[in-house]
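Report on the following structure.
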């Protein structure tokens, strides 16, 4: 069964999500941006979500994690919780 490790940043608007993505792509550290901006409790750990399998996250998030490129910042991904930036750190 596939497994992935990922980290994410959750914000309430697509505009904020795009702004943060530009900062990260410009060289800012993902974990630092997560600690400063994410509304998810995981933000305190730099957005780390740990390891999980398909179907453990909401469908939109799951699709991005298991179909997107490892090591590349993806998003905005809209879910019922808000807008996410995510980075798959490992997938097997």
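In UniProt numbering, the protein residues as written are 1 to 92. A virtual CB, placed ideally from N, CA and C, is assigned to each residue, including glycine. Since the structure is predicted, the reported quantities are computational estimates derived from the model, not experimental observations.
Residue i - DSSP class collapsed to helix/strand/coil
i: residue 47; result: coil
i: residue 78; result: strand
Alpha helix (DSSP H) segment containing residue i, residue limits
i: residue 33; result: 30 to 37
i: residue 65; result: 59 to 67
Cut-off 7 Å between Cβ atoms - residues of its own chain near residue i, not counting five sequence neighbours on either side
i: residue 60; result: 77, 78 and 79
i: residue 64; result: 74, 77 and 86
i: residue 6; result: 49, 65, 86, 87, 88 and 89
Cβ neighbours of residue i in the same chain (closer than 8 Å, five flanking residues each side left out)
i: residue 2; result: 53, 54, 66, 91 and 92
i: residue 58; result: 79, 80 and 81
i: residue 38; result: 8, 9, 10, 11 and 47
Cutoff 6 Å; reference residue i; Cβ partners in own chain excluding five residues on either side
i: residue 40; result: 10
i: residue 84; result: 8, 10, 75 and 77
N- and C-terminal bounds of the beta strand (DSSP E) containing residue i
i: residue 15; result: Residue 15 -> not in any beta strand (DSSP E); alpha helix (DSSP H) instead, spanning 14 to 25.
i: residue 6; result: 4 to 11
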